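Novice:
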Amino acid sequence: MQAMKGETVQVIVFRLGEERYGVDISQVREIIRPSQITKIPNAPDFVEGVINLRGQITTIVNLRKRFGMVPKPIDNDTRIIVVEYNNAVIGMMVDTVNEVKYLPQKDIESLPSIITSRESAKFLKGVGKLPDGLLILIDLNKVLNEGEVEKIR
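Going by this note's numbering, the sequence shown opens with residue 2, and the numbers climb by one from there.
#1: For the alpha helix (DSSP H) containing K66, name the first residue and the last one.
#2: If I measure Cβ to Cβ from R30 and keep anything under 8 Å in the same chain, skipping five residues before and after, which residues do I get?
#3: Are the beta-carbon atoms belonging to K102 and L131 less than 9 Å from one another?
#4: Express the C-alpha separation of V10 and V24 in angstroms, rounding to a whole number.
#5: Hey, V95 and L17 are a contact pair by Cβ (cut 8 Å); roughly how many whole angstroms apart?
#6: Measure the alpha-carbon distance for E74 versus E100 and round it to whole angstroms.
#7: Taking only runs that begin and end inside the segment 3-56, name each unbroken alpha helix (DSSP H) of 4 or more residues, in chain order.
#8: Which residues does DSSP pair with T60 in a beta bridge?
So, in structure tokens, the structure goes:
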């Protein structure tokens with residue numbers, strides 16, 4: 002999170018299963034409902050396919066699959082968080098987008114080193130403490146590595 006001590010970070014809160022996640026709003030270009038997704042042969046299993054986003058072909062990554070969770074069918078709550086990363090526009094499919102929250106920097110804790118030392122945790126930034134529970138903060142720009150972005154592009 003880019004904020005300095007005493008500042009507030011604005012995060013978009015979304016769900017994958019029972020867990021709440023937050024992402025810095027500055028990383029998000031827009032949030033859309035899923036449209037017709039075209040499957041791509043031989044794509045990594047976490048790539049749902051591509052969509053036509055106002056004339057631009059956009060790769061859709063299923064965050065449930067990327068995080069090793071059981072996939073679920075697309076429903077009325079499913080949303081795609083569109084991000085721009087290294088000149089590639091990528092959609093991150095989530096179960097639902099709940100709200101935008103203001104999170105004081107003082108309420109953001111680092112993750113324990115036993116978690117951050119794992120390669121699969123490289124996109125986790127910390128944990129936000131909210132009055133109604135915890136929020137796992139992720140960096141959408143680190144969900145894919147450089148090689149994966151190149152293949153998608």
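In this text, a Cβ means the ideal position worked out from N, Cα and C, and glycines have one as well.
Note that the coordinates shown come from a computational prediction; the quantities given were computed from them, not determined experimentally.
Specialist: For this structure:
#1: Membership of K66 in the alpha helix (DSSP H) is indicated by the continuous run 64-67.
#2: Taken in chain order, the residues that qualify are V83, V84, E85, V90.
#3: In contact: K102 and L131 (Cβ atoms closer than 9 Å).
#4: The C-alpha of V24 lies about 10 Å from the C-alpha of V10.
#5: That belief holds up - the Cβ atoms of V95 and L17 are roughly 6 Å apart, short of 8 Å.
#6: The amino acid at residue 74 is misidentified as Glu; the sequence shows Pro. Those two C-alpha atoms are separated by around 22 Å.
#7: The segment 3-56 contains no whole alpha helix (DSSP H) run of 4 or more residues.
#8: DSSP, once it has assigned bridges, lists V51, I91 as partnering T60.
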